[in-house]
Every structure is written in structure tokens, then in C-alpha cells.
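As you go down the protein sequences, you meet chains W and G in turn. According to this note's numbering, the first sequence is numbered sequentially starting from 1. According to this note's numbering, the second sequence is numbered sequentially starting from 248.
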Amino acid sequence: MSMLEAAGVHVRFGDRVVLESVDLAVAEGEFHGVMGPNGAGKTTFFNVLTGRVKPSRGKVRLGGEDVTGLSPHRIAAKGIARSFQIMTLFDEFSARDNVMMGLPEFRARGLDVVHAVAGDRRFAEQASEALAAVGLVEKGDVRAKDLSYGDRRALEIAVALAQAPRVLCLDEPTSGLGSDGVQRLAALIARLKGKLTIVAIEHDMEFLFSLADRISVIHWGQVVARGTPHELQQNDWVRRSNLGKFA
Amino acid sequence: MMVGSKSSSEASRLVTPTMLVLWLVLATVPLWITRIGLYPYLGIEILIWSLYALAFNLVLGTAGLPSFGHGAYFGIGAYAFGLCQFDIVANLWICLVAAALAAGLAGALVALFISHRRGIYYAFMTIAFGQIFWTLAIKSHRITGGEDGLLKIKRLPADFGLVSFDLTDNVAFYYFVLAAFAVGVAALWRLVHSPYGRVVAAMRQSETRAAHLGYNVWLYKASIFALSAAVSGFAGGLFAMAQLAAFPDVMSLHQSGYVVMMTLVGGGLVSFWGPVIGVFLFLTARDVIGALTNAWMLYFGLLFIAIVLFRPEGIAGAISAALQQHSLNALRQRGTSAMRLLVGGGR
């Protein structure tokens, strides 16, 4: 059974079809890349997986459970964490507090109006662990908005990791990163591979082809090719398209 | 530094030396207020409006939700207090709870309709509902007394079982309101610094991020609005006692704007105490400048414009920036002295 499965996902905005019968099956521990040109429907597909967009047709299953059309907070609580193409952090909060907000234990106490946050060391310790995983532990007290671009990208991943997700969806995680940042991220993903199910939209083909177990190519709202990086390199469509020069 | 945005590792303390001095000043108000040409009732008004503004700031400052019809809940609390003592039971505690409950329920009802909105649509909906409640208060003459107001509300005694305090005198009532204010402040402070308060403050920064972390944004928006309305209603109950009546004017759009001005001028967007500073300034200006000219609101309006233009973080923000600058200068001074010592030692 797949950890994450999308079957016949169809999305239309008015008279415009954005996704047309997209299928995806990601096994537990797999790193699945999603690539395709701008406007292909990749982010919309992510939005369907994470509850931001309700599909017109089709099903999304997480660990076999139907999560189609559930609201983002329900899907997040069930174990799908995501990062955003345009970084979305709590800018006024420190890096540690951003991560703390992602902890399932903190979420469980979200309606607690009695106890002080500052008095609970467990949250700070758990948040520090997630920050350490992305190399940000020493910047835990820095406000998110004061972090460098690369550190903010890393923080987004730390927040997602703090959620203890079953599936991690990364929307263009290398976007805007310098070569050092990309290398750091690649090292992090390599460490997570096998332990976490990851789906990543990515334009950096070198990054994707070196790390992904399988890749789906979305174009015109459809999956036009799918396979291992090696298989995609042999795929006629990919070879003929612009994407082929990267593969 | 936004409301509720401090690092959780910084133990955000309610009791600090500065606060102790301020509480001491508040506790001695009846002893000196007449000597400076003012009167104890002003102190009562400042405390009640401060509690109301702090409650309002849960919505505006902590949650970042623009509510421009909050006077409705202050007014509902005032009417509920009066109606409770006339029609249910003349007990101070029960009537204050009724004031908070009635306003909280009205807030919850409104929250059901507006919590899926944001920005300008949210603001307009709060105005629309505020106007509905205000109109109901004016038109329901048989219940509320209409534009004449609900008169003859009594300051019920504070009955503690073994001992009971008469609150008819302004000084006694001032101390009662001060106690209620202290309890209210402690509760609101704790709420803002609780996990719930953190989630609400996070939601202000990004509803999208909060939702994708598993927080039901609608529920938090609705509940903080209802809570804010309930505390506003509690303050309204105290206001009814203070005025010995409840009038619809506090529910008008015009007067709902006052609490927004007070909160923004004081610096509610950046500080828990901002609304209190704003209320103090507004009501003192009303009485002090108002004694000199009827156009006191013109001057307060100019101050409001100046603050929005030059210090959008309000007076609390300006104070905070000045203190930070002072600490920075002190640090630089110490650094220079240490440098001199080092250089001197090297010779």
C-alpha cells in the first residue's frame, strides 16, 4: 500500500482545466520528485494533496485513508507537512518558536489558555532538536525575518520536520538558494531519505535527479512521464522536451 | 516586537519593578487625584476603558483582526448587567457574569458569520453587526429604554459572604474596579502568553502557515473574538455600574472608533500595555484639553494622524524604541570605557 496516493485528480478553475486525471503513488520512505515547466499545474497538485484546493474529481489517500477535500488543518494533523514556494513563516517569531508551533504536542495544547508557553522546557528542547537537524540550533533565538534566505528555507523544513509528518511535501525547496545552500539541503534530504516519505516539486534537475527515487513529469496538467531518474533519461518525451537537456 | 511575539524562552513577566510602581500609583489614585484638579470618577473610567481596550486588543493586536464595531459588546454588557439586576437577581457577581456571558454569546454569534473572512471584508462585517446591535438597542425601547437608556442601575454591594462592601461611593467603587482590572489584566496576560495566545499571534502573521501546521484557523478566530467580546461585556457591566445607567451611544460606530484610536495611539499593535496608555491619554485629554476647548477631539485627531504617519507602532512602540536606544548607548559607552582600559593597560 502506498503512503500517499492520488487517483484521477482533476481540477478546474472556471472553464480552465488545471489538472486532468493526475495519478500518483508514493511508497513509504520514497523520495518522489515532481517536475515540469512553469504553469504545468505542479503547485496546484500540491495544493490538492495538502487541502488548499478541493479537486473537482479524484481521490487523495494517506496511508489508505481517504483525505480528499479535507481542510488543510485536518490534513496537516493527519500527517502531511508542506513547505511553500513563496516562504511562509511566522516572521515575528524566533526560529525556535516557529518550529515549536509545528510540534504535535504543542498543537494538542493549542486551546490551553492557562499554562504559560515560556514555562514549558519540553517544547523548547524538541524545537531545538528539529533546528539542529537543519543546522540552525545556534540561531534559535533569531527572529525568522532576520534570518538569511538560505536559513529561512532551512527553517521551513525544520518546521515541517517538527510536525513529525508521515509525508513531507516540499514546493521548490532550492528556489533562491545559492550553491552552498543547495548542497546543505541535498545533504539534509539525503539524511532523511528512507526515513520519511518526501514529495518535492523542483526545478533544479541536478538536485532532483541525484536524490529522487522516482520522478513524475507534469505538463499541461497531466503526468506525461514517470520513472526512476535513469528511466526518465531514456524517456522519449523527456529527451525531446526542454526538460531532456537536464536529464 | 508584536503582541505575543516575544520568544517563549523570554519569561514574559507581568510583575516587574516598573509595574509594581505603576500598580502602586493606581492604588493611591483616590489620595491625590483631586489635588491635581481631577476627580476619582476619571480613574474609574480609565480603568474600565482600559480593560475594554485590552479585551479589544485581543482581536486587533494579538489576532490582527480589524474589528470596528466592538462597542456593541461593551454596550451589551452594560445592558445585560442592568437587565439582570432588574429582572433576574440583584447580585453583583451574577450580574457581572451575565454581562460577560451576554456579550460573549453575541460575539460568538457574530464570529460564526465573520470568521471565514479576513481583511476589509472582516472589518465591514464587524461594522455591520455593530450597527445591527446599536439599532436594536435604540429601537427596543421597552427593554433597553431606547435612546433614553436603561436608567436607575444600582451599584450592587460586593458581597463576599462574611463581609459585604458598599460600592455607592466613588472611592470604594474605584477600588472595586481596580481589583476587577487587576484580575482582568492577569487573565488576559496569561491568555496572551499561553499556547492559545501563541497560536492566535501566529495566525495573525500567517493564517495559511497556521492552517498547514494543523491549527483550525476558523476556530481560533471565532473563539478569540467571542472571548474579547465577553471581557468587553464584563467591562461594560462595570461601566453600567459607574454610570448608574446603560446608554446606546457606546455601541455606535462613532464610539466604537474611540477604542480603535485609543489602542492604536497607545501602541496596542506592539505592546500588551499599549491600549492602557491610549485610554489614559484619550480620557485625560478629553478632560484636560476638553476643559479648555470643545474642540479637544480635533487635537486628539491630529495626534492620531501624527502617530499613524510617524510612529505607527504607537506610544508604547516609541517608548520601547527609546529604551532600546538607551541600552545601546549604554553598551557603546561601556565598550568605549573597556577599550580605554585595555589601551591604558597596554601602555
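For each residue, glycine too, the CB sits at the ideal point set by N, CA and C. Bear in mind that the values here come from a model prediction, so they are computed numbers and not experimental data.
- Spanning the alpha carbons of Asp180(W) and Phe31(W) requires a straight line of approximately 21 angstroms.
- Apart from the 5 residues on each side of it in sequence, Ser71(W) sits with its Cβ closer than 6 angstroms to the Cβ of Gly51 in its chain, given in chain order.
- Ala434(G) has its alpha-carbon roughly 34 angstroms from the corresponding atom of Ile536(G).
- A residue is called buried once 16 or more other Cβ atoms fall within 10 Å of its Cβ, and His73(W) is buried on that count.
- For Ile201(W), DSSP records a beta bridge to Val34(W) and Asp171(W).
- Within chain W, the residues Thr50, Pro72, Ala76 and Arg82 have their CB atoms less than 7 angstroms from the CB of His459(G), given in chain order.
- Within chain W, the residues placing a beta-carbon under 9 angstroms from that of Arg445(G) are Phe93, Asp97, Met100, Met101, Phe106, Gly110 and Val117, ordered along the chain.
- Annotated three-state conformation of Ser179(W) is helix, per DSSP.
- As summarised for the stretch 312 to 338 of chain G, the continuous alpha helix (DSSP H) elements at least 4 residues long and confined to that stretch are 318 to 334, given in chain order.
- For Glu65(W), the pairing in a beta bridge is given by DSSP as Leu62(W).
- In this structure Asp66(W) is exposed. Its beta-carbon is surrounded by fewer than 16 other beta-carbon atoms within 10 angstroms.
- Looking only at Met508(G), Val447(G) and Tyr320(G), the smallest Cα-Cα distance to Met101(W) is reached by Val447(G).
- Our two residues, Ile554(G) and Phe472(G), have alpha carbons roughly 26 angstroms apart in a direct line.
- Fully enclosed alpha helix (DSSP H) runs of no fewer than 4 residues occupy 95 to 102 and 104 to 108 of the stretch 81 to 131 of chain W, in order along the chain.
- Per DSSP, reduced to three states, the secondary structure at Asp413(G) is coil, with no helix or strand assignment.
- Looking at Tyr421(G), Met372(G), Ile524(G) and Ala532(G), the one whose alpha-carbon comes closest to that of Thr275(G) is Tyr421(G).
- Around the CB of Ile367(G), fewer than 16 other CB atoms lie within 10 Å, so the residue is classed as exposed.
- In the three-state scheme derived from DSSP, where H, G and I count as helix and E and B as strand, Lys193(W) is classed as strand.
- Of the residues Ala225(W), Val223(W), Gly69(W) and Pro229(W), the one whose Cα lies closest to the Cα of Leu211(W) is Pro229(W).
- By the neighbour-count criterion, in which a residue is buried when 16 or more other Cβ atoms sit within 10 angstroms of its Cβ, Pro264(G) is exposed.
- In this structure the stretch 294 to 313 of chain G lies against the stretch 439 to 455 of chain G, because at least three pairs of beta carbons, one per stretch, are closer than 8 angstroms.
- In summary, Gln234(W) is exposed, with fewer than 16 beta-carbon neighbours lying within 10 Å of its beta-carbon over all protein chains present.
- Contact annotation: in the stretch 459 to 492 of chain G, residues whose CB is within less than 9 angstroms of a CB in chain W are His459, Leu460, Gly461, Tyr462, Asn463, Val464, Trp465, Leu466, Tyr467, Ser470 and Leu474.
- Thr88(W) reaches chain G at Ser453, Thr455 and Arg456, counting residues in chain order whose Cβ is nearer than 7 angstroms.
- Between the alpha carbons of Leu549(G) and Ala127(W) lies a distance of about 46 angstroms.
- Under the DSSP assignment, Gln452(G) falls in the alpha helix (DSSP H) whose first and last residues are Pro442 to Gln452.
- Rounded to the nearest angstrom, the gap between the Cα atoms of Gly41(W) and Gly8(W) is 14 angstroms.
- Within the same chain, and ignoring the five residues on either side of Phe486(G) in sequence, the residues whose Cβ sits closer than 6 angstroms to its Cβ are Ile295 and Ala325.
- For Phe407(G), the secondary structure class from DSSP, reduced to helix, strand or coil, is coil.
- Contacts between Leu438(G) and chain W, judged by CB atoms closer than 8 angstroms, involve Val113 in chain order.
- Taking the beta carbon of Gln126(W) as reference, no residue of chain G falls within 9 angstroms; the closest one sits roughly 12 angstroms away.
- Comparing C-alpha distances from Arg260(G) to each of Ile323(G), Phe321(G) and Trp520(G) shows the shortest one belongs to Trp520(G).
- No Cβ-Cβ contact shorter than 8 angstroms links Leu192(W) with Arg152(W).
- According to DSSP, residue pairing for Arg57(W) in a beta bridge involves His10(W).
- Contact of Gln163(W) with chain G by beta-carbon distance below 8 angstroms involves Leu460 and Gly461.
- Ile280(G) places its beta carbon less than 8 angstroms from that of Leu289(G).
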